[in-house]
Amino acid sequence: MEYIQEAIAKSPIDLSMSTAAESPLAASPESRGGRRAALLVPGSVGQWPLLDGIIHAAYYVPTLQQYFSSQIAEPYRSRQRVKMLFRNYGRCRQLMRTAKVPCQTCVATNHECFYVSMAADYQLFLSVPRGISTSVIAQFYHWVRTQESHIFINPIPTW
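If you use the UniProt record's numbering, the sequence shown corresponds to residues 1 to 159, in order.
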């Protein structure tokens with residue numbers, strides 16, 4: 001229970017902070033008073049440069065029945081804009097309703113691009129400002145895979 005409460009206190013994860021060299025999310029326990037272990041695996045500086053541009057990202061693992069959702073970027077935190085983000089994810093899912101897995105789609109609006117990828121072992125949802133490199137998709141996927149042991153509970157405890 002202590003680990004769950006600790007994770008809640010450190011959530012949601014701001015992806016721009018997780019890429020910073022002196023991120024409090026990836027700091028060593030000694031540099032933070034030794035009280036808590038780091039939430040994320042530290043990466044090298046500049047390893048994930050495009051993650052700073054992500055508006056919102058989510059990753060769902062069906063086999064674990066768990067998802068990860070990043071913090072929504074500051075300019076998008078109004079009720080109206082959050083609603084717009086999730087409605088556009090819904091539109092992407094609607095476009096793929098009859099598609100065979102694995103499938104993916106990208107929908108662009110005037111200011112954002114929404115990318116949804118569905119595979120048997122994961123579902124990825126990503127929104128970025130229009131014009132950002134598409135390599136952000138691969139960077140986010142690889143970032144999640146490197147952080148998997150820290151952002152998902154596996155194996156799931158049984159009582």
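Where a beta carbon is used, it is the ideal one built from N, C-alpha and C, also for glycine.
Please read all numbers here as calculations on a predicted model, not as lab measurements.
Does any residue of chain C have a CB that is nearer than 9 angstroms to the CB of residue i?
i, result
"T105", "Of the protein chains in this structure there is only one, and it is not chain C."
Specify the secondary structure class of residue i as computed by DSSP and reduced to three states.
i, result
"H56", "strand"
"A108", "strand"
"S149", "helix"
"P129", "strand"
"I13", "strand"
"Y122", "coil"
"V61", "strand"
"V101", "coil"
Nearest-angstrom Cα distance between residue i and residue j?
i, j, result
"C113", "A138", "15 angstroms"
"Q147", "F68", "10 angstroms"
"T109", "R130", "8 angstroms"
"Y89", "G53", "18 angstroms"
"R145", "E6", "21 angstroms"
"R81", "N154", "33 angstroms"
"residue 166", "C106", "Coverage of the chain is limited to positions 1 through 159, which leaves residue 166 absent and any answer about it impossible."
"Q104", "L95", "9 angstroms"
"R91", "W159", "39 angstroms"
"M1", "Q66", "17 angstroms"
"P75", "T134", "21 angstroms"
Can you give me the Cβ contacts of residue i inside the same chain, cut-off strictly under 7 angstroms, excluding the 5 residues immediately before and after it?
i, result
"R93", "V116"
"R79", "none"
"I156", "L64"
So residue i packs on residue j, CB below 8 angstroms; how close in whole Å?
i, j, result
"I55", "L85", "7 angstroms"
"A57", "F140", "5 angstroms"
"I13", "S70", "6 angstroms"
Give me, in chain order, the residues of the same chain whose beta-carbon lies closer than 6 angstroms to that of residue i; leave out the 5 immediate sequence neighbours on both sides.
i, result
"S127", "I55, H56, L85, E112, F114"
"L124", "Y59, S117"
"S136", "Residue identity check: residue 136 is Val in the sequence provided, not Ser. Once the five neighbours on either side are set aside, the close Cβ partners of V136 are L50, V128."
"R87", "none"
Give every residue of the same chain whose Cβ lies closer than 8 angstroms to the Cβ of residue i, excluding the five residues on either side of it in the sequence, and list them in chain order.
i, result
"P102", "S117, M118, A119, A120"
Query raised in the report: Where in the stretch 66 to 96 do unbroken runs of the alpha helix (DSSP H), each at least 4 residues long, occur, reported from the N-terminal end onward?
Result: 79 to 95
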